[in-house]
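Reading through the structure tokens given below for one structure.
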Amino acid sequence: MTNSSTINTFILYTFLFMATLIALQTQSLAQGSIDDQVKEISALLMCPVCQGQSIGESNSNLAHDMREITRRQLEEGKSKEEILAYFVNSYGESILASPPPKGINWLLWLLPGVAIIFGGLGITLYLYNSQGNKTKEQDTSKKIKPEVDNDYIKKIEEELEKGDS
Amino acid sequence: MKILSTSGKIIVLIIILSLISLMGYAIFGSRVNIKTSPLVGTVAPDFALKTFDGEDLKLSDLKGKTVLLNFWASWCMPCRQEAEALEKSWQKYKGKDVVFIGVNVWDENSNALSYLNKFGGGYPHGMDPNEEIQVDYGVGGVPETFFIDPSGNIRDKFSGPLTEQIIDYFVLKAQQPQNNES
Chain A
193 MTNSSTINTF ILYTFLFMAT LIALQTQSLA QGSIDDQVKE ISALLMCPVC
243 QGQSIGESNS NLAHDMREIT RRQLEEGKSK EEILAYFVNS YGESILASPP
293 PKGINWLLWL LPGVAIIFGG LGITLYLYNS QGNKTKEQDT SKKIKPEVDN
343 DYIKKIEEEL EKGDS
Chain B
678 MKILSTSGKI IVLIIILSLI SLMGYAIFGS RVNIKTSPLV GTVAPDFALK
728 TFDGEDLKLS DLKGKTVLLN FWASWCMPCR QEAEALEKSW QKYKGKDVVF
778 IGVNVWDENS NALSYLNKFG GGYPHGMDPN EEIQVDYGVG GVPETFFIDP
828 SGNIRDKFSG PLTEQIIDYF VLKAQQPQNN ES
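Dropping the structure here:
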């Protein structure tokens, strides 16, 4: 009887210990997850009072407040999109690290591609044309060469004749 | 050395001109509609503030009144510049359905109180408890002032130190019925 009671107590304590461990682990995972999300969202928002820094990189008071608000809103269960929309509503689209590809913003997304395509085309055309000119020059020099050789040979022959006489 | 044919040159020229036109539009095209804040023309975010006098103040309770909402800090030099104009204007508009509210941000309580003792605090001032009101209003620095019309819409935002003339201009504008200018 005593042994059975000891075993039951042991099982109960083990169960409680395991449950506490699981609860702590879950809490820690959730906390980690929110930290990660705060980091992710902070990298997507530019600090309005800094030069080219996201709120994740800036140490300004405002960036700190914005990170805290992001955390609070995540804890309230808001999604990333809802939080970004909240900041865009207050500060405008310029708060976003990468402006959404719509309206005039398309230019920002298209111009680098267009520049690469046209730059590449320009370089290709330049190389192609300079290669063509080189080939032409080589062709021309090939045509001239025999004449030069002939002149040279003629001169040698004349000199030889002079020597003989 | 000929890199492009005449037609090629024309095409490149057209593309370059189109890109310049698009960039010109991006830079100058929308200038007419530029607002000082995306919140101008929208409903002012509601907030609750505990004033330094210990009173509770809620924006939504001020419907029907024109509200001047000023964000300031004790360490901010331009805030000191505008303090006199704010105080004088508040005296002028007192009892005329115009409410002045000061929101102290990024500050220490003691510094804010000594600032108010020095520069006057006739109208209600309070500290943003969660530093959230200024983000709700898209404040990027101090001083910044919002002019809210009697129906609760933000009519204008002004960044920088105010003068009595600027306050008059925006307060009177906020008191006028809103036309669809924006």
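Residue numbers (the working numbering), protein chains in the order written: chain A, 193 to 357; chain B, 678 to 859. Ideal Cβ placement from N, Cα and C applies to all residues, glycine included.
Cα-Cα, which of the options is closest to residue i?
i                : options                                : result
Ile287 (chain A) : B:Pro715, B:Glu732, B:Pro801           : B:Pro715
Ser791 (chain B) : B:Ile688, B:Phe729, B:Val848, B:Leu699 : B:Phe729
Ile693 (chain B) : A:Asn342, A:Leu303, A:Glu349, A:Lys354 : A:Leu303
Asn830 (chain B) : B:Lys727, B:Gln853, B:Glu808           : B:Gln853
Val819 (chain B) : B:Gly701, B:Leu745, B:Asp774, B:Pro838 : B:Pro838
Leu299 (chain A) : B:Leu696, B:Gly685, B:Ile688           : B:Leu696
Ser271 (chain A) : A:Val230, A:Met238, A:Leu254           : A:Val230
Arg832 (chain B) : B:Ile843, B:Val848, B:Gln842, B:Glu821 : B:Val848
Glu260 (chain A) : A:Ile226, A:Leu317, A:Ala307, A:Thr201 : A:Ile226
Pro292 (chain A) : A:Leu276, A:Val306, A:Ala307           : A:Leu276
Ile836 (chain B) : B:Ser698, B:Thr713, B:Lys773, B:Tyr846 : Residue identity differs from the one stated: residue 836 (chain B) is Ser in this sequence, not Ile. Closest option to Ser836 (chain B), Cα to Cα, is B:Thr713.
Ser234 (chain A) : A:Glu353, A:Ile345, A:Gly355, A:Ser290 : A:Ser290
Lys740 (chain B) : B:Pro827, B:Glu764, B:Thr683, B:Glu841 : B:Pro827
Asn807 (chain B) : A:Tyr320, A:Asp257, A:Ser246, A:Asp343 : A:Asp257
Val358 (chain A) : B:Ile810, B:Val689, B:Val717           : Not covered by the structure: residue 358 (chain A). The range shown for chain A is 193 to 357.
Asp723 (chain B) : B:Leu699, B:Glu809, B:Thr840, B:Gln855 : B:Glu809
Ala232 (chain A) : A:Cys242, A:Ser246, A:Val241           : In the sequence as presented, Ala is not what sits at residue 232 (chain A); that position holds Glu. Looking at the Cα atoms, A:Ser246 is the closest of the given residues.
Ser682 (chain B) : A:Asp341, A:Gly314, A:Lys346           : A:Gly314
Gln811 (chain B) : A:Asn281, A:Tyr320, A:Lys346, A:Gly355 : A:Asn281
Does the beta carbon of residue i come closer than 8 Å to any beta carbon on chain B?
i                : result
Pro240 (chain A) : yes
Gly305 (chain A) : no
Leu254 (chain A) : yes
Ile247 (chain A) : no
Tyr205 (chain A) : no
Ser282 (chain A) : yes
Asp257 (chain A) : yes
Ile233 (chain A) : no
Ile261 (chain A) : yes
Leu352 (chain A) : no
Leu237 (chain A) : no
Leu299 (chain A) : yes
Got a sec: is the Cβ-Cβ distance from residue i to anything in chain A below 8 Å?
i                : result
Gly803 (chain B) : no
Val717 (chain B) : no
Glu809 (chain B) : yes
Leu694 (chain B) : no
Asp813 (chain B) : yes
Gly829 (chain B) : no
Leu699 (chain B) : yes
Gly818 (chain B) : yes
Trp749 (chain B) : no
Trp752 (chain B) : no
Arg708 (chain B) : Bear in mind that a pLDDT of 47 at Arg708 (chain B), under 50, signals an unreliable position, so the number given afterwards is only what the model happens to contain. No, its Cβ sits nowhere closer than 8 Å to a Cβ of chain A.
Trp783 (chain B) : yes
Ile711 (chain B) : Residue placement at Ile711 (chain B) cannot be trusted, given a pLDDT of 43 that sits under 50; the coordinates are not used to answer.
I believe residue i touches residue j by the beta-carbon criterion, under 8 Å. Please report the beta-carbon distance rounded to the nearest angstrom.
i                : j                : result
Ala725 (chain B) : Ile825 (chain B) : So it is not a contact: roughly 15 Å between Cβ atoms.
Gly817 (chain B) : Trp767 (chain B) : That belief does not hold up - the Cβ atoms of Gly817 (chain B) and Trp767 (chain B) are roughly 25 Å apart, past 8 Å.
Val732 (chain B) : Pro801 (chain B) : Residue identity differs from the one stated: residue 732 (chain B) is Glu in this sequence, not Val. Indeed they touch by this definition, with Cβ atoms about 7 Å apart.
Tyr278 (chain A) : Gly815 (chain B) : Between Gly815 (chain B) and Tyr278 (chain A) the Cβ distance is about 10 Å, and since that is not below 8 Å, they are no contact.
Lys727 (chain B) : Gly797 (chain B) : The Cβ separation is near 20 Å, so there is no contact.
Thr762 (chain B) : Thr840 (chain B) : For clarity, residue 762 (chain B) is Ala in the given sequence; the question names Thr instead. So it is a contact: roughly 5 Å between Cβ atoms.
Identify every residue that forms a DSSP beta bridge with residue i.
i                : result
Asp833 (chain B) : B:Phe824
His802 (chain B) : B:Gly779
Met238 (chain A) : A:Ser246
Lys735 (chain B) : B:Ala725
Thr864 (chain B) : The first residue shown for chain B is 678 and the last is 859, placing residue 864 (chain B) beyond what the model contains.
Trp749 (chain B) : B:Asn781
Val717 (chain B) : Answer is none; Val717 (chain B) lacks a bridge partner.
Leu300 (chain A) : Paired residues: none, contrary to the question.
Leu288 (chain A) : A:Leu237
Three or more C-beta pairs closer than 8 Å, one from the stretch 754 to 761 of chain B and one from the stretch 317 to 328 of chain A: is that the case here?
No contact exists between the stretch 754 to 761 of chain B and the stretch 317 to 328 of chain A.
Are there three or more Cβ pairs, one per stretch, closer than 8 Å when the stretch 773 to 791 of chain B is compared with the stretch 739 to 750 of chain B?
A contact between stretches requires three or more CB pairs, one per stretch, nearer than 8 Å, and the stretch 773 to 791 of chain B meets this requirement with the stretch 739 to 750 of chain B.
Can we say the stretch 726 to 746 of chain B touches the stretch 766 to 782 of chain B, given the rule of at least three CB pairs closer than 8 Å?
Yes, the stretch 726 to 746 of chain B touches the stretch 766 to 782 of chain B.
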